[in-house]
Amino acid sequence: MALQLGHRLSVDLDFFTQSEFSTELILQEMQKLRLSPQVLREERGTLTTIIKGAKVSMFHYPYPFIDKTVSIKGVPIAGILDIASMKIIAISQRGAKRDFIDLYFILQDMPFWKIAKNMIERYGSNRINPVLIGKSLVYFRDAENDPEPLHCKEKMPKWDIIKKFFIKNIQQMVIDLQKTKGG
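Mapping of the sequence shown onto this note's numbering: residues 9 to 191, in sequence order.
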């Protein structure tokens with residue numbers, strides 16, 4: 009996403025596939041390419057490594073991508089709408105500052121109801137809890153101690169401005185999720 013919006017430098021590369029994969033085969037291919045990966049985490053459907061100083065993660069992600077992908081140097085990148093849905097899920101699970109910042113930038117140009125619709129289509133209405141997601145979007149405690157991401161934009165808003173944005177808009181976000189879910 010940082011590649012598409014250009015608002016911050018990304019400290020890692022995350023790759024998602026709907027296909028299951030063998031971490032062992034991936035590591036063998038990396039070795040053949042002389043990438044010398046340092047394995048940080050390896051389990052079924054997840055491989056996280058350090059390659060030449062960059063954190064590179066691969067995830068089995070069974071949910072469909074609905075938004076049109078963007079090609080950057082021949083690599084298909086998820087569309088902003090799909091990324092926005094993934095950011096909301098990430099915030100509801102871990103609440104990293106960079107995810108709040110990314111979602112803030114997306115919401116400057118995209119109405120939340122579009123993201124809500126995408127979430128229901130991708131994950132199914134039974135997996136979406138509007139109240140829980142709403143609470144997550146205004147729970148900043150975990151993010152407070154995160155380092156500030158390296159910004160590319162001259163006018164990067166301060167963290168307090170980003171928090172106020174979510175607090176101001178959370179009621180409508182929850183309403184949008186509930187309406188889209190059909191409740």
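Ideal Cβ placement from N, Cα and C applies to all residues, glycine included.
Measuring alpha carbon to alpha carbon, tell me which of the options ends up nearest residue i.
i: residue 155; options: 76, 108 and 27; result: 108
i: residue 176; options: 164, 145, 150 and 157; result: 145
i: residue 69; options: 171, 21, 135 and 27; result: 27
i: residue 187; options: 136, 163, 153 and 29; result: 136
i: residue 139; options: 77, 100 and 166; result: 100
i: residue 118; options: 133, 143 and 88; result: 88
i: residue 43; options: 174, 134, 116 and 61; result: 61
i: residue 32; options: 73, 98, 52 and 74; result: 52
i: residue 148; options: 163, 169, 164 and 132; result: 169
Quick one: residues in its chain with C-beta nearer than 7 Å to the C-beta of residue i, no 5 flanking neighbours on either side, listed in chain order?
i: residue 93; result: 123, 126, 127 and 130
i: residue 184; result: 120, 121 and 124
i: residue 173; result: 112
In angstroms, rounded to a whole number, what distance separates the CA positions of residue i and residue j?
i: residue 96; j: residue 47; result: 27 Å
i: residue 171; j: residue 153; result: 14 Å
i: residue 25; j: residue 86; result: 11 Å
i: residue 49; j: residue 111; result: 26 Å
i: residue 34; j: residue 142; result: 37 Å
i: residue 41; j: residue 80; result: 21 Å
i: residue 182; j: residue 82; result: 37 Å
i: residue 30; j: residue 38; result: 13 Å
i: residue 166; j: residue 36; result: 43 Å
Check whether the Cβ atoms of residue i and residue j sit closer than 8 Å, and answer yes or no.
i: residue 180; j: residue 113; result: no
i: residue 57; j: residue 64; result: yes
i: residue 157; j: residue 76; result: no
i: residue 151; j: residue 190; result: no
i: residue 72; j: residue 59; result: no
If you follow the beta strand (DSSP E) that residue i is part of, which residue opens it and which one closes it?
i: residue 64; result: 62 to 68
i: residue 23; result: 20 to 25
i: residue 58; result: 54 to 59
i: residue 45; result: Element bounds for residue 45: n/a, residue is neither H nor E.
i: residue 83; result: 83 to 85
i: residue 146; result: Here residue 146 belongs to no beta strand (DSSP E), and DSSP marks it neither H nor E.
If you follow the alpha helix (DSSP H) that residue i is part of, which residue opens it and which one closes it?
i: residue 182; result: 167 to 189
i: residue 218; result: This structure leaves residue 218 out entirely; the chain is present only between 9 and 191.
Ordered along the chain, which non-local residues of its own chain (more than five positions away) have a Cβ less than 8 Å from that of residue i?
i: residue 23; result: 64, 65, 66 and 67
i: residue 98; result: 104 and 107
i: residue 90; result: 73, 74, 75, 126 and 130
i: residue 178; result: 142, 145 and 146
i: residue 21; result: 62, 63, 64 and 65
Once the 5 residues before and after residue i are set aside, which same chain residues still bring their CB inside 6 Å of it?
i: residue 133; result: 189
i: residue 164; result: none
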